[in-house]
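In the UniProt record's numbering, the protein residues as written are 1 to 208.
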Amino acid sequence: MTTQTRTPSPSPQSTRTQVDSAARRIAVISSSLRDDRMSPPVADWALAALEARGGVEPDLIDLTSITLPDDRLLYPGGSPRTDTTDRLADAEAFVFVTPEYNHSFPASLKRFIDWHLSEWSFKPAAIIAYGARGGYACVEHLKGVLNELDMVTVARSIGLQAPWEHLNAQGVYSPGEGARGALENCLAELHWWTELLSWARANRPFRT
Numbered sequence: 001m002t003t004q005t006r007t008p009s010p011s012p013q014s015t016r017t018q019v020d021s022a023a024r025r026i027a028v029i030s031s032s033l034r035d036d037r038m039s040p041p042v043a044d045w046a047l048a049a050l051e052a053r054g055g056v057e058p059d060l061i062d063l064t065s066i067t068l069p070d071d072r073l074l075y076p077g078g079s080p081r082t083d084t085t086d087r088l089a090d091a092e093a094f095v096f097v098t099p100e101y102n103h104s105f106p107a108s109l110k111r112f113i114d115w116h117l118s119e120w121s122f123k124p125a126a127i128i129a130y131g132a133r134g135g136y137a138c139v140e141h142l143k144g145v146l147n148e149l150d151m152v153t154v155a156r157s158i159g160l161q162a163p164w165e166h167l168n169a170q171g172v173y174s175p176g177e178g179a180r181g182a183l184e185n186c187l188a189e190l191h192w193w194t195e196l197l198s199w200a201r202a203n204r205p206f207r208t
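Here you go:
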């Protein structure tokens with residue numbers, strides 16, 4: 001009887017590609033458009049934590065500075081390119097910073113998401129939501145949308161209750177130890193998914 005030796009499939013640990021050595025580009029999306037919004041200080045908090053981890057190239061995308069085409073031109077899979085198409089395509093992971101409005105996330109973020117398609121696919125996302133009651137309803141609504149776009153949302157997404165109460169004299173968001181620990185856990189899981197999915201897109205791309 002002849003015993004056949006099965007060659008195992010390559011894995012992230014056994015196969016090295018270009019994506020292994022480069023800094024990971026992570027887009028942080030600040031989604032609120034309101035005056036006196038909390039998105040910038042919370043996004044800056046996330047950016048500082050990403051930079052402290054090292055091996056990351058953060059890219060802040062503030063929706064107040066983004067101009068999208070007219071919605072009459074919006075067709076799934078066939079829409080015109082936007083100012084951020086290339087930036088989203090280059091990102092290997094995303095952090096969405098969003099307020100909770102009326103039990104969900106703002107229309108500005110939904111419109112921005114809808115204007116892109118393949119740029120999101122098979123990439124991980126963390127959600128940092130905030131509101132008077134913590135923003136958890138917003139997290140659940142946004143997860144459903146991102147999952148529909150073939151994204152992986154981390155389980156350790158964050159809800160911040162009344163973050164405006166934790167601004168210092170310079171307007172910097174400075175929360176307590178609990179929020180800092182939650183962010184560290186969230187980014188650790190995001191990093192894990194980023195490594196895994198970056199390797200998979202390069203070596204085992206999904207095909208229908």
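Even for Gly, the Cβ is constructed at its ideal location relative to N, Cα and C.
Separation of the CB atoms of Ile127 and Val139 is rounded to 5 angstroms, and the pair is thereby assigned contact status at 8 angstroms. If one requires a minimum length of 4 residues, the alpha helix (DSSP H) runs lying completely within the UniProt domain "NADPH-dependent FMN reductase-like" (25 to 156) are 39 to 53, 85 to 90, 107 to 114 and 136 to 148, in chain order. In this structure, Pro99 lies near Tyr130, with their beta-carbon atoms less than 8 angstroms apart. DSSP places Leu187 inside the alpha helix (DSSP H), whose first and last residues are Glu177 to Asn203. Looking at the DSSP output, Gln170 shares a beta bridge with no other residue.
With contacts defined by Cβ atoms closer than 8 angstroms, Leu142 and Ser121 do not form a contacting pair. With a cutoff of 8 angstroms on beta-carbon distance, Ala89 and Glu57 are scored as not near each other. Ranking Trp199, Thr208, Phe96 and Ile26 by CA distance to the CA of Arg53 puts Ile26 first. With respect to the C-alpha of Ala132, the residue from Asp86, Phe105 and Gln161 having the closest C-alpha is Gln161.
By the neighbour-count criterion, in which a residue is buried when 16 or more other Cβ atoms sit within 10 angstroms of its Cβ, Pro205 is exposed.
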